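5 is the number of the first residue of the sequence shown in this note's numbering; add one for each residue after it.
Ideal placement from N, C-alpha and C gives every residue a C-beta, glycine not left out.
Here the structure is a predicted model, which means the values were calculated and not measured.
Below is one structure, written out as structure tokens, with a few remarks after it.
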Amino acid sequence: MKLLYIINPGSGSKETDYSSLIRGYFAAHAQDHAIECFELPGDFDTASLKAVIAQSDADRVIAVGGDGTLKLVAECLLDTQIPVGVIPAGSANGMARELDIPPNFEEALEKSINGQIRKIHAISINDQFCIHLADIGFNAYLVKKFDDLPQRGMLGYARAAWKALWNHNKMNVELQIEGQTIRSSAAMVVIANATMYGTGVKINPEGRLDDNKFEVVLVKTYSVMEILKIWLTNIAFDPKHIEVFQTSNLQIKTKRKAHFQVDGEYLGKANILHAKLLPAAIQIIY
């Protein structure tokens, strides 16, 4: 096969030379395959990356980075038959967790070569492509705070969470779901194609990547007990704190603009979100 590895040098610790590691692995273990490594410049866009992929004529394209890197690469492969894989190398690797991709670099590389392929759905949210999780409210504010910190990793995430807890206000939201209108105060609303965040918090336990719906998780209040329940048990959410709905179309309105993120990328503030399912949108290696 011809394999193209799209590397985000800004992912994770920013200190690892992933191109050298990949070439070293293939020199020792996988001589039968042709490889190409492409490092993303800081200002690269989707159109430019599509041209790189087309020129490579690759059989598989693998994102080396976090959820945002995978989102970028997967979007470039829409309407093609080229499968996309991921080597978890970001600060948040929720989709890699979802697909059970090993965190060990060599094991993840082996999976990118020999892993199975299946079609999964995606979501369009205000014309933004989403394969994992998007949300409006508290977690998006947390993503913004995390991006502003010089320290990455879980300690940086914890510090961002502490700052966000003290500075974030709840929203008044209106959800249009399957002809039903739901009004509530909310800490955040999650649009979930997958089940868990990169931290391991399973916000959407019933989610599947290849069913005909996505989930809308309405988090009404900050509840320490509910968060511990998410982390430690499989007990159902208390609907006083968290409700989950299934749909293929969604509209969210908020009284005031609120922080918004898609697949770990902070996108500013919004007060209207339109989301729709994109059935069998991409082929994923797992």
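- Would you give the residue range spanned by the alpha helix (DSSP H) that S60 belongs to? T50 to S60
- Message: For a minimum of 3 consecutive residues, which ranges assigned as the beta strand (DSSP E) are wholly contained in the region 33–111?
- Response: 38–43, 64–69 and 88–92
- Three-state class that DSSP yields for L8 in the structure shown: strand
- Query: Which residues mark the beginning and the end of the beta strand (DSSP E) in which L277 is found?
  - Reply: E269 to I289
- Message: Relative to the C-alpha of K75, which candidate in L113, A38, S128 and T203 has its C-alpha closest?
- Response: S128
- Message: Distance check for E219 and E210, CA to CA, integer angstroms please.
- Response: 8 Å
- Taking Cβ to Cβ, would you say G98 is nearer than 8 Å to I66? no
- Query: Are I140 and H263 close, meaning C-beta to C-beta below 8 Å?
  - Reply: yes
- Span of the beta strand (DSSP E) around G141: L137 to G141
- Message: Between L44, A51 and N253, which has its C-alpha nearest N130's C-alpha?
- Response: N253
- Query: Which residues does DSSP pair with V205 in a beta bridge?
  - Reply: Beta-bridge pairing links V205 to no other residue.
- Task: Might you give, ordered along the chain, the residues of its own chain that have their beta carbon closer than 6 Å to the beta carbon of K257, omitting 5 neighbours on each side?
- Result: E178 and I276
- Task: Could you please give me the residues that DSSP links to A262 through a beta bridge?
- Result: A274
- Query: Just the Cα atoms here: how many angstroms apart are V223 and I207?
  - Reply: 10 Å
- Please check the pair I135 and Y290, which I expect to be a contact at CB under 8 Å, by giving their CB distance rounded to whole angstroms. Not confirmed; about 13 Å, so no contact.
- Query: Mind checking whether L137 and D267 have CB atoms under 8 Å apart?
  - Reply: yes
- Could you check the C-alpha separation between A126 and G28 for me, to the nearest Å? 34 Å
- Measure the beta-carbon distance from D83 to K6 and round it to whole angstroms, keeping in mind my assumption that it falls under 8 Å. That belief does not hold up - the Cβ atoms of D83 and K6 are roughly 20 Å apart, past 8 Å.
- Query: Does the Cβ-Cβ distance between N108 and V68 come in under 8 Å?
  - Reply: no
- Message: Output needed for A9: all residues of its chain with C-beta closer than 6 Å, excluding positions within five of it in sequence on either side, in chain order.
- Response: The question names Ala, but residue 9 in the sequence shown is Tyr. Taken in chain order, the residues that qualify are I26, C41, I66 and V68.
- Contact set for E102: own chain, Cβ-Cβ below 6 Å, skip 5 residues either direction: A198
- Does DSSP put S3 in a helix, in a strand, or in coil? Here the chain covers residues 5 to 290 and nothing more, so residue 3 does not appear.
- Task: Would you kindly work out how many angstroms separate the C-alpha atoms of I186 and K261, rounded to a whole number?
- Result: 18 Å
- Just the C-alpha distance for A34 and G272, rounded to the nearest angstrom, thanks. 43 Å
- With 8 Å set as the bound, which would you pick, yes or no: does the beta-carbon of M175 sit closer than that to a beta-carbon of chain B? In summary, chain B is missing from the structure at hand, where a single protein chain is found.
- Query: In terms of alpha-carbon separation, which member of G119, S15, Q132 and K148 lies closest to P92?
  - Reply: S15
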